[in-house]
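K.L.:
Sending over a structure as structure tokens; questions will come in a sec.
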Amino acid sequence: MMGSQRLLNQETMKPKRVGATLGRLSRYFAPYVLVLLVVAALIVGSTWAQVYSPELIGQATDCYIAPAVARSAVTNGTGGAAIPGMDNLAEQMGGESASKSNCWWAADLAPDADNDALISGLLRLVLVVVALYVGTSIFSGLQFFLMTWAGNHVLRNLREEVFRHIHRLSLGYYSKNEAGDIMSRITNDMDTLQQAMNFALLQVLGGVLLIVWIIYKMLTLNLAYALISMTVVPVMILATLWFSAQARKAFRKTRQEIGNVNANLQESISGVREVQAFAREDANIENFRVSNAANRDANIRAVAYTSALAPTLEALGYVAIAIVVGVGGVYLLRGQSLGGALVSLGLMVTFLGYVQRFNQPIQQVSVLWTNIQSAVAGAERIFGLLDEEPDIVEAPNPVKMGQIQGRVEFRDVTLEYNPGELVLRGVNLTAEPGQTVAIVGPTGAGKTTIINLIPRFYDAKSGSVSIDGINVRDMQLDSLRRQIGIVLQDSFLFSDTVMNNIRFGRPEASDEEVIAAAQLAHADDFINSLSEGYQTVLGERGGGLSQGQRQLLAIARAALANPRILILDEATSSVDTRTERQIQAALEVLLAGRTSFVIAHRLSTIRNADQVMVLQDGVIAERGTHTELLDKRGAYYDLYMSQFQKEEA
Amino acid sequence: MFQRRKRGDKGQGGRPKANFRDLGRAIRYLGTYKRLTIFAYLFLFISTGAQLMVPQLVQNVLDAVTNGLIAKQIANVPANALPTVLDRLSWSSDQFDTFVNRPEVALYWAIVFIVIFAVARGAFAFSQTFIAEQVSQGVAFDFRNELFEKIQRLSFSYHDRNRTGQLMIRATDDVEKLRGFIGQGLLMAVQAFALLTGTLAILLFTNFRLTLVILPILPLALILFMIFGTVAQPLFAAVQVRLSRLNTILQENLAGIKVVKAFVRESQEQAKFHVAAEDLMNQGITVGKVFSFLFPVIFMLANLGQAAILYFGGVQIIDSSLTFGEWQKFSLYLIYVFFPIGQLGFIISQMSQASASATRIFEILDAQNEVVNKPDAAPLSAISGKLAFDDVTFRYFGGGDPVLSNISFAAEPGQTVALLGATGSGKSTIINLIPRFYDVSEGSLTIDGIDVRDVTLDSLRSQIGIVLQETNLFTGSVRDNIAFGRPDATDEEVIAAAKAAAAHDFIMSFPDGYKTSVGERGSTLSGGQKQRVAIARALLLDPRILILDDSTSSVDLATEATIQRALDKLMQGRTSIVIAQRISTVRNADQIIVLDKGRIVGVGTHTELMETNPIYAEIFSSQLVEDAVMDDGGSENGGSDNGGAGEKEMALAG
């Protein structure tokens, strides 16, 4: 019940193209088809055993118990002296006729078989039942294991395929889709898929098969008795469907409310300093109380449905039992035939066993069915992601670039992210090997776009970007990108050791080389002050380090990669004095001797640049050195003055 | 930092030590819902009783059937033998009459009662679960409120030591675990126990020998369930650990895709992912292995119990020491035995988790708040803004090396004091002491001559405005955020504050203006916009004392200029304590305090310090190097440029 509550609480999604998705999903199972066939056989086997065992118990009743029940009147277990004139009574009563005719297991059992014969017959039958039970357990254990095994393999393959694909997709895709969204979609979809494959699929298949088989069995054993006995089944199904649907609706509300509670907690705790600074504690506590209460009430409402389902089904189950024994008993007593046959004690016992087996699979199937639906929808979305084609693909016979000189040339480059919205409009520039090009301009002018074209993160719409005279589109991407180093503003680091983070671009670098690069980047000092030096494991995204320290690591990383072309997005955020000085010094070393493109925020960088490009609205409005541009008194001058003016205002 | 995290992880992931005293204390929270709780337990017993009746009634039906059948046979017995037969069956002749002529009456009554008890069972079981949910949600509600209130009021030193994520987990996961146990687990345990003892009592009473046959299976089942309970948790936890490892790689590759591509790391990252995916898969298969063994074994045990009844019960029927009805009753009751055993096994593992959660929750609730109102604290009346540090020394958490040593300075009303020094020199600590985010360890801090520890926190803090470098905004509209410290402010006041903070224009450029909702942590606003909202927020308080971190991060040059002007306006006429990053701030300050390793190493104006204080000169030339370069850059380019700048400035001032 706890489990079903959790499952009902999951978001359900409706798949759109079930057939196509299932077809495609089944292809992932192809390598494990043998295993699946075995699983299918095991399901059939264990279901058969579950259907067969109540029938056997019925046989035990009709063949061995019913004669004894009848005879008890005469013998009363003591084997007492025969009653005068009743010599053949035992034989007469040796089988109430319905049981006798219903007993096929031991049809040849003599009507006057003694107790020992009955007991030994019963023992043989019970041993068969035990064998069935043991077999069922082994079968269901095996099927569960094999399914988990196959499902986990399929998921691993799918996961790795998705992962490879996200590397193939170009940056254009990531600018349109938030990393967080992609992430939560992949994880959620994989999660539902995993649940479905490991658990739900098996349960639903087994459950449906069991219900259908039992119904079939009951109908063939005695049509009329079966129909009467199963009257509650449709009610059970309807009740389950209705309660589950209501519960799902109600749980949707609880998800919202718990989301509110969490958001409220999150911001009130992370912003606690401000809350206290503005003496907002009481107001916040009151706010929280409101969303907390809404969450409580939504949960209570939702649970009203889930907590009604189990008792309803249980009560219906008792009613089913009452119908089986009531109707069966009345017909037995009257000796009337029902559905053309006599009802025997054994048939009653068999039916009693069957109606008790309805309850659980109905509940499970209804709950898990939506889980499977969601899984198919999830698979559909994962396939949707896999079907995304990367914009950037290598040319058929790409040029594998050897050591480049570093001459970068833009010719009439235009670019648009969205059709009709030109971000670059005819950019021309040439950077000679070893030159530093500073790019300045307001936010949105296209500075980042320019630098994104060099490692071919995007393709120009028209015009060309070439390095050493070769168009980047003709190059083998790896050989191009290996020669370009990038230091970004937010210096993305990975949750790995400091050593591996620096080694990122050159995995084969030795520890000594890493340390040398760190020294070059002035990062060595702070790294050594970390608890485990170079072996310190960084938190996610470099958590635990200051922004300045992260920058130093990013610089070391780029330095180790020793690229011919360097791309640098200078950080604007304030770092403390010492670090700032270290960053400056490190950058100077890093820039020396490489062709460098810098989105510049520091005046010192601009002043040292060989060329300054002033970018406005996607065109280079001005170019020259710092001094030349100041003399021009144009756009750069204004930009410069606004900075200057800020200092003095 | 790293060590702290490690310690935290240990507390989180290690095997929780069950401390049942905390659990007992948590259970006492049920007291608030005494009446509901009593009803829940009352209904529980009623519904369990009804449930226990059903197999007995089934026996009655079946007995009616077999008795009728037997009676019908006996009716054929010669009259002279009848008394002997009846005697053997221990039937009276009245009974025999009923069995022969009206065998169905008993059957009908039993059926009617089954239906009645089924309905009663359903109704009471539902009521009991529903009421239990009300109680448990109520308890969770109380716990969350109490936690939230405590967390909101705990002083900075506590928050320095505890990360948001950890506190969140306590208020969500831990509360949920505790709720599950107190609200449902406890009830389930009682129910299971009642059902188990009730069933066993009936079984023993019905047929002692047959009960003995199934008795040995019970401890075996309990052991299996307990193994399951203890094994399952760590197994799932291990899957979670591996899954989150895998997700971290995925997450990093998505968020850092540019870096990955730029450094051509695809194949290495794929290799890393492969290892993690393989690892996850193997763990999943291990779980599958354990479960595919444990589940069927438990299932088989229950079935073997049924088989035992089938055989031994059958033998007893053949011996005539058991009736057919009793035999079937046994088989029905057997389900009642296994079900509660499963529940008990589950609850036992739930209990140890819940008690660990209780311990973690009470850890917060019992945390000592280091900054609290004195019992006789009076509200601080309107201040003029004279601020004095008198020989203040401060140590974090009351121990270790002092972060501030013997700090003394005074700021007259309306003065601007700039704090200057390297990271770790104690600048932030000084500003944190003023609104009493921490208490001084030694010495005193007075405002208008009154020690801050003698007044109420609210009255003190509502007269101090704070603008920090890292701006947190809160869910709600822009207006709500500006009115954060004064929710009662009029629209006019809010707009005036926004205008003064140079925020009005960009706010009006949003389609919804001041009603624009600010996403979580201000995600809809840019960094510069957030800062201006923070300035407006402080302005609206119209504080006499202002605390300011004047650095701006990640904004473009034009925005930076705008923010700077807004800040300057904010400081006018207020006592301002500023962590200075900018040369203009330093130059305009009435006093500059130069800090080094928690000590004051220089006090004075810019000019004074430039001449007398070598440390200041050092910091000035390095920390403010960028600005200085800017200055030089201007002059280097000849007088005309300077002149131009001057004109521009004049124009602005005018």
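First to last, the protein sequences are chains Z and S.
First residue of the first sequence? That's 1261 in the numbering used here, and the numbers climb one at a time after it.
First residue of the second sequence? That's -11 in the numbering used here, and the numbers climb one at a time after it.
Glycine is no exception: its CB is placed at the ideal position from the N, C-alpha and C atoms.
Computed from a predicted structure; not experimentally measured.
#1: For a contact meaning CB atoms closer than 7 Å, what does Ser1567 (chain Z) contact in chain S?
#2: Alpha carbon to alpha carbon, how far is Leu445 (chain S) from Val360 (chain S)? Give it in angstroms, no decimals.
#3: Can a CB atom of chain S be found closer than 8 Å to the CB of Asn1375 (chain Z)?
#4: Rounded to a whole number of angstroms, what is the C-alpha to C-alpha distance between Glu548 (chain S) and Arg520 (chain S)?
#5: Would you check if the distance between the CB atom of Arg532 (chain S) and the CB atom of Ser372 (chain S) is smaller than 8 Å?
#6: Strictly under 8 Å for the Cβ-Cβ distance: is His1425 (chain Z) near chain S by that measure?
#7: With a 10 Å radius around its C-beta and 16 neighbouring C-beta atoms as the bar for buried, classify Met496 (chain S) as buried or exposed.
#8: Helix or strand or just coil, what does DSSP make of Arg233 (chain S)?
#9: Tell me which same chain residues have a C-beta within less than 8 Å of the C-beta of Thr1572 (chain Z), skipping the five on either side of it?
#10: Closer than 6 Å by C-beta to Ala398 (chain S): which residues in its own chain qualify, once you throw out the five before and the five after it? Chain order, please.
#11: 8 Å is my cut-off, CB to CB: does Glu614 (chain S) come that close to chain Z?
#12: By DSSP, does Val482 (chain S) sit in helix, in strand, or in coil?
#13: Counting only the same chain and skipping the five closest in sequence on each side, list residues whose C-beta sits under 7 Å from that of Ser1400 (chain Z).
#14: What does Glu1541 (chain Z) touch in chain S if you count any residue whose Cβ is under 7 Å from its own?
#15: Please list, in chain order, the chain S residues whose beta carbon lies closer than 8 Å to that of Trp1409 (chain Z).
#16: Using 8 Å as the Cβ pair cut-off and three pairs as the minimum, do the segment 107 to 123 of chain S and the segment 1610 to 1620 of chain Z touch?
#17: Against Ala1320 (chain Z), what residues of chain S qualify as contacts under a CB-to-CB distance less than 9 Å, listed in chain order?
#18: Keeping to the same chain, check which residues put their C-beta closer than 6 Å to that of Ile1642 (chain Z); ignore five residues upstream and five downstream.
#19: Let's test the definition: count the other Cβ atoms within 10 Å of the Cβ of Phe193 (chain S) and tell me whether it reaches 16, buried, or not, exposed.
#20: Rounded to the nearest angstrom, what separates Gly1466 (chain Z) and Ser1286 (chain Z) at their Cα positions?
#21: Could you give the first and the last residue of the continuous alpha helix (DSSP H) run that contains Val1697 (chain Z)?
#22: Using the C-alpha atoms, what's the distance from Gly1395 (chain Z) back to Ile1475 (chain Z)?
#23: Tell me where the beta strand (DSSP E) around Phe1670 (chain Z) begins and ends.
#24: Closer than 7 Å, Cβ to Cβ, to anything on chain S: give me those residues from the segment 1425 to 1444 of chain Z, in chain order.
#25: Quick one: Cα of Ile452 (chain S) to Cα of Tyr426 (chain S), how far?
#26: Pull up the DSSP beta-bridge partners for Thr404 (chain S), would you.
#27: Among Z:Val1668, Z:Thr1796 and Z:His1782, which one has its Cα closest to the Cα of Asp1756 (chain Z)?
#28: Can you give, in chain order, each stretch of the alpha helix (DSSP H) that sits fully within the segment 1553 to 1587 of chain Z and has at least 4 residues?
#29: Where in the segment 277 to 316 of chain S do unbroken runs of the alpha helix (DSSP H), each at least 4 residues long, occur, reported from the N-terminal end onward?
#30: Give the DSSP bridge partners of Gln579 (chain S), in chain order.
#31: Measure the beta-carbon distance from Leu1646 (chain Z) to His1425 (chain Z) and round it to whole angstroms, keeping in mind my assumption that it falls under 8 Å.
#32: Using a Cβ cut-off of 7 Å, which residues of the segment 216 to 243 of chain S contact any Cβ in chain Z, in chain order?
#33: So Gly1586 (chain Z) contacts chain S; which residues on that side make the cut at Cβ distance below 9 Å?
#34: Nearest by alpha-carbon distance to Gln1871 (chain Z): which of Z:His1886, Z:Ser1489 and Z:Val1389 is it?
#35: Over what stretch of residues does the alpha helix (DSSP H) that includes Asp1829 (chain Z) continue unbroken?
#36: Give the residues from the segment 454 to 485 of chain S that approach chain Z closer than 7 Å (Cβ to any Cβ), ordered along the chain.
P.N.:
Inspection of the coordinates gives the following:
#1: By Cβ distance, chain S contributes Phe114, Thr117, Phe118 and Glu121.
#2: Whole-angstrom Cα-Cα distance: 8 Å.
#3: Output row for Asn1375 (chain Z): interface = yes.
#4: Taking the straight line joining both Cα atoms gives about 10 Å.
#5: For Arg532 (chain S) and Ser372 (chain S), yes; Cβs fall inside 8 Å.
#6: Contacts with chain S at 8 Å (Cβ-Cβ) do not include His1425 (chain Z).
#7: Burial is judged here by how many other beta carbons sit within 10 angstroms of a residue's own beta carbon; Met496 (chain S) has fewer than 16 and is exposed.
#8: Looking at Arg233 (chain S) - three-state DSSP - the assignment turns out to be helix.
#9: These residues qualify, in order along the chain: Ala1499 and Phe1503.
#10: Non-local beta-carbon contacts of Ala398 (chain S) in its own chain, meaning distances under 6 Å to residues more than five positions away in sequence, involve Ala376 in chain order.
#11: Reliability fails at Glu614 (chain S), whose pLDDT of 46 lies under 50, so the model's placement of it is uncertain and the value that follows must be treated cautiously. It does; some Cβ of chain Z falls within 8 Å.
#12: In the three-state scheme derived from DSSP, where H, G and I count as helix and E and B as strand, Val482 (chain S) is classed as helix.
#13: Closer than 7 Å at Cβ, skipping near neighbours: Ser1306.
#14: Correct list: Gln140 and Arg141.
#15: Ordered by position in chain S, the residues that pass the 8 Å Cβ test against Trp1409 (chain Z) are Ile273 and Gly276.
#16: Touching, no.
#17: Residues of chain S with a Cβ closer than 9 Å to the Cβ of Ala1320 (chain Z) are, in chain order, Leu298, Tyr299 and Gly302.
#18: Result list for Ile1642 (chain Z): Asp1449, in chain order.
#19: Under a 10 Å Cβ-count criterion, Phe193 (chain S) is classified as exposed, with fewer than 16 other Cβ atoms of the shown protein chains found around its own Cβ.
#20: In this structure, the alpha-carbon of Gly1466 (chain Z) lies about 19 Å from that of Ser1286 (chain Z).
#21: Val1697 (chain Z) -> not in any alpha helix (DSSP H); beta strand (DSSP E) instead, spanning Thr1696 to Val1700.
#22: Inter-residue distance for Ile1475 (chain Z) and Gly1395 (chain Z) is about 22 Å (C-alpha atoms, whole angstroms).
#23: Taken as a continuous stretch (DSSP letters only), the beta strand (DSSP E) holding Phe1670 (chain Z) covers Val1668 to Asn1678.
#24: Flagged, chain order: Ile1426, His1427, Leu1431, Tyr1434, Ala1439, Ile1442 and Met1443.
#25: So the alpha carbons of these two residues sit roughly 15 Å apart.
#26: Residue pairing for Thr404 (chain S): DSSP places it in a beta bridge opposite S:Ser564.
#27: Ranking Z:Val1668, Z:Thr1796 and Z:His1782 by Cα distance to Asp1756 (chain Z) puts Z:Thr1796 first.
#28: Annotation: the segment 1553 to 1587 of chain Z contains no complete segment of the alpha helix (DSSP H) (minimum length 4 residues).
#29: List check, alpha helix (DSSP H) in window: 302 to 306.
#30: By DSSP's assignment, Gln579 (chain S) forms a beta bridge with S:Val405.
#31: Confirmed, about 5 Å.
#32: Closer than 7 Å at the C-beta level to chain Z, one finds these residues of the segment 216 to 243 of chain S: Asn235, Thr236, Leu238, Gln239, Glu240, Asn241, Leu242 and Ala243.
#33: Contact note: Gly1586 (chain Z) reaches chain S through Val49, Leu95, Tyr96, Ala98, Ile99 and Ile102, using a C-beta cutoff of 9 Å and chain order.
#34: The shortest C-alpha separation from Gln1871 (chain Z) is found at Z:His1886.
#35: Boundaries for Asp1829 (chain Z): no alpha helix (DSSP H) harbours it, while the beta strand (DSSP E) harbouring it runs Ile1825 to Asp1829, taken from the DSSP string.
#36: Closer than 7 Å at the C-beta level to chain Z, one finds these residues of the segment 454 to 485 of chain S: Ile454, Asn460, Phe462, Thr463, Phe472, Gly473 and Pro475.
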